[in-house]
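**Student:** So that we are looking at the same thing, I have put the structure below in structure tokens.
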Ligand SMILES: *Cc1c(COP(=O)(O)O)cnc(C)c1O
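Numbering (the working numbering), first residue to last: 401 to 801.
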């Protein structure tokens with residue numbers, strides 16, 4: 401049998417955990433009912449599974465079940481949160497804030513709102529990818545209605561200081577939304593302690609199925625208003641119409657439940673593997689870590705190698721390793737990553753990046769193989785006569801994780 405590539409692209413998506421699949425299967429067949437059918441046992445079984453899943457998900461983030469709205473994923477949850485708040489708070493103000501390093505599922509709804517006449521502020525980040533809190537505070541105006549800052553960055557894994565941002569937003573009576581697609585069940589999330597008003601989730605970054613996610617919407621202190629973006633049968637208290645996909649919802653809850661149960665041990669294991677991989681790469685010239693060395697997701701490693709083209713490196717790693725350069729969503733367009741550009745990188749250094757997303761199913765042996773392959777490929781590329789010369793300043797910056 402042919403060997404499949406080693407999968408190390410878990411920030412793009414993760415494989416489905418078999419335990420999640422097993423939990424979902426009965427809801428495709430035996431319990432196929434519509435959770436909204438109240439007149440028979442098929443509907444009741446589906447409704448009970450949805451209710452249980454809602455409770456699991458709410459408990460996972462310290463919310464209550466009536467604060468969870470199921471969506472098709474984090475893209476839809478972000479759209480509902482951002483456009484829904486903009487429409488509902490239109491009379492209060494028309495200014496919204498976010499970061500330059502956000503996912504396009506936040507940036508594009510913001511741009512859309514701008515086209516409708518809202519004012520948006522895209523804040524820069526520091527060189528390590530973290531938001532500067534005084535800069536954020538200064539950007540808040542009397543007519544600001546929403547601040548959206550992601551929990552964990554999908555490219556560089558940087559973890560933003562959610563509790564500090566939440567406190568700041570509430571001090572100024574501005575709603576705080578966070579896109580937690582990369583963070584759920586990977587780092588602890590607590591909507592009370594962190595004063596989060598809206599939070600977007602998705603299943604497929606945490607070993608669950610694609611096509612399901614959720615939006616947490618705070619109901620108390622303050623009670624968040626939202627304008628629905630999908631109209632129809634009035635599901636999810638009118639905020640998101642559409643028949644609830646029971647198997648997907650069960651899968652989302654199971655994935656989050658498993659992730660939470662194993663959160664600490666898995667974080668430790670992934671950090672260990674990731675740091676070991678990073679140490680193995682230190683023999684290379686021009687290595688540069690992208691993003692804060694410690695404030696980052698346990699399995700994420702993103703680096704640039706001055707003078708080495710990321711596309712050439714990806715090609716050289718084929719077919720052994722499945723990784724990506726820049727964000728998966730934008731790597732179809734050959735443009736330097738907007739996240740790396742926001743860190744202050746030149747186009748050249750942004751092009752020279754590789755993102756490794758380690759996950760639950762990666763082994764020690766795979767880490768060794770990938771490290772060897774990267775070192776060999778980079779060294780052969782650096783030996784090419786037309787290689788652009790390495791910026792010596794970058795050598796000093798190869799911080800150990
Ligand atoms: C993957 C991802 C999304 C999109 O989530 P979908 O569920 O695929 O729509 C949004 N934001 C971030 C940070 C992501 O990593």
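Cβ atoms here follow ideal geometry from the backbone N, Cα and C, with glycine treated the same way.
Computed from a prediction, not measured in an experiment: that's the story for all the values here.
Below 8 Å on the Cβ atoms is my guess for residue 406 versus residue 770; work out the distance and round it to an integer in Å.
**Tutor:** Correct: roughly 6 Å between the Cβ atoms.
**Student:** In angstroms, rounded to a whole number, what distance separates the CA positions of residue 728 and residue 754?
**Tutor:** Model confidence at residue 728 stands at a pLDDT of 47, short of 50, so the residue's coordinates are unreliable and nothing is read from them.
**Student:** Which runs of the beta strand (DSSP E) spanning at least 3 residues fall entirely within the stretch 545 to 616, listed in chain order?
**Tutor:** The stretch 545 to 616 contains these whole beta strand (DSSP E) runs: 575 to 579, 598 to 602.
**Student:** Quick one: is residue 591 buried, meaning 16 or more other Cβ sit within 10 Å of its Cβ, or exposed?
**Tutor:** Looking at its Cβ environment, which holds 16 or more other Cβ atoms inside 10 Å, residue 591 is buried.
**Student:** Please determine, among 565, 582, 581, the residue with the shortest C-alpha to C-alpha distance to residue 594.
**Tutor:** Among 565, 582, 581, the Cα nearest to that of residue 594 belongs to 565.
**Student:** Output the distance between the C-alpha atoms of residue 692 and residue 476, rounded to the nearest integer angstrom.
**Tutor:** Going by the C-alpha atoms only, they are around 29 Å apart.
**Student:** Taking the continuous beta strand (DSSP E) assigned at residue 519, which residues delimit it?
**Tutor:** Element bounds for residue 519: 519 to 523.
**Student:** Rounded to the nearest angstrom, what separates residue 414 and residue 762 at their Cα positions?
**Tutor:** When rounded, the distance between both Cα atoms is 11 Å.
**Student:** Look up residue 724 in the DSSP assignment and give the residues it is bridged to.
**Tutor:** 755, per the DSSP bridge assignment.
**Student:** Which ranges would you report for the beta strand (DSSP E) in the stretch 403 to 474 if only whole runs of at least 3 residues count?
**Tutor:** 468 to 471, all fully within the stretch 403 to 474.
**Student:** For residue 498, list the residues DSSP reports as bridge partners.
**Tutor:** Answer is 522, 548.
**Student:** So, helix, strand or coil for residue 688, using DSSP?
**Tutor:** Reduced to three states, the DSSP call for residue 688 is strand.
**Student:** With H, G and I counted as helix, E and B as strand and the rest as coil, what does DSSP make of residue 729?
**Tutor:** Residue placement at residue 729 cannot be trusted, given a pLDDT of 49 that sits under 50; what the coordinates show is reported in the next sentence. Reduced to three states, the DSSP call for residue 729 is coil.
**Student:** If we count the other Cβ atoms within 10 Å of its Cβ and call it buried at 16 or more, is residue 621 buried or exposed?
**Tutor:** When all chains shown are included, residue 621 counts as exposed.
**Student:** Using the rule of at least 16 other Cβ atoms within 10 Å of the residue's Cβ for burial, across every protein chain shown, is residue 747 buried or exposed?
**Tutor:** Answer is exposed; the Cβ neighbour count stays below 16.
**Student:** With three or more beta-carbon pairs closer than 8 Å as the criterion, would you say the stretch 647 to 661 touches the stretch 672 to 686?
**Tutor:** Output reads no: the stretch 672 to 686 does not touch the stretch 647 to 661.
**Student:** At what residues does the alpha helix (DSSP H) containing residue 681 begin and finish?
**Tutor:** Note, residue 681: premise wrong, no alpha helix (DSSP H); not H, not E.
**Student:** What residues in its chain sit with their C-beta under 7 Å from that of residue 467, if we drop five residues either side in the sequence?
**Tutor:** Counting only Cβ-Cβ distances below 7 Å, and skipping sequence neighbours, we find 458, 616, 617, 618, 619.
**Student:** According to DSSP, is residue 516 helix, strand or coil?
**Tutor:** Note: residue 516 maps to coil in three-state DSSP.
**Student:** Go ahead and label residue 417 buried or exposed: buried means 16 or more other beta carbons lie within 10 angstroms of its beta carbon, across all protein chains shown.
**Tutor:** It is buried - the Cβ of residue 417 has at least 16 other Cβ atoms within 10 Å.
**Student:** Taking only three categories from DSSP, how would you classify residue 479?
**Tutor:** DSSP places residue 479 in helix when its eight states are reduced to three.
**Student:** Should residue 579 and residue 700 be called a contact, given that it needs their Cβ atoms to be closer than 8 Å?
**Tutor:** No.
**Student:** Look up residue 621 in the DSSP assignment and give the residues it is bridged to.
**Tutor:** In DSSP, residue 621 forms no bridge with anything.
**Student:** Counting pairs of beta carbons, one from the stretch 545 to 563 and one from the stretch 489 to 499, are three or more of them closer than 8 Å?
**Tutor:** With a cut-off of 8 Å, the stretch 489 to 499 and the stretch 545 to 563 count as touching, because enough Cβ pairs lie within range.
**Student:** When the Cα atoms are used, what is the spatial distance from residue 790 to residue 686?
**Tutor:** Bear in mind that the predicted position of residue 790 carries a pLDDT of just 46, short of 50, making it too unreliable to give a figure here.
**Student:** If you run the structure through DSSP and keep just helix, strand and coil, what is residue 800?
**Tutor:** For residue 800, the predicted model reports a pLDDT of 33, less than 50, meaning its position is unreliable; a value from the coordinates is still stated below. In the structure shown, residue 800 sits in coil (DSSP, three-state: anything other than H, G, I, E or B).
**Student:** I need the DSSP call for residue 701, collapsed to helix, strand or coil.
**Tutor:** Strand.
**Student:** Beta carbon of residue 570: closer than 7 Å to some heavy atom of ligand 3?
**Tutor:** As for ligand 3, it is missing from this structure, which binds only ligand 1.
**Student:** Buried or exposed for residue 703, going by 16 or more other Cβ atoms inside 10 Å?
**Tutor:** Label assigned to residue 703: buried.
**Student:** Exposed or buried, what is residue 643 when buried is set at 16 or more other beta-carbons lying within 10 Å of its beta-carbon?
**Tutor:** Burial call: exposed.
**Student:** Please classify residue 721 as buried or exposed, where buried requires at least 16 neighbouring CB atoms within 10 angstroms.
**Tutor:** It counts as buried.
**Student:** Helix, strand or coil for residue 696? Go by DSSP, reduced to three states.
**Tutor:** Looking at residue 696 - three-state DSSP - the assignment turns out to be strand.
**Student:** How about residue 582: is its Cβ closer than 7 Å to a heavy atom in ligand 1?
**Tutor:** Flag set: Cβ of residue 582 near ligand 1.
**Student:** Give the single residue among 743, 531, 777 whose Cα lies nearest to the Cα of residue 716.
**Tutor:** Nearest option by C-alpha distance: 777.
**Student:** Does the Cβ-Cβ distance between residue 572 and residue 597 come in under 8 Å?
**Tutor:** No; because the gap between Cβ atoms is not below 8 Å, this pair is not in contact.
**Student:** Is the beta carbon of residue 409 within less than 7 Å of some heavy atom of ligand 1?
**Tutor:** Answer for residue 409: no, Cβ out of range of ligand 1.
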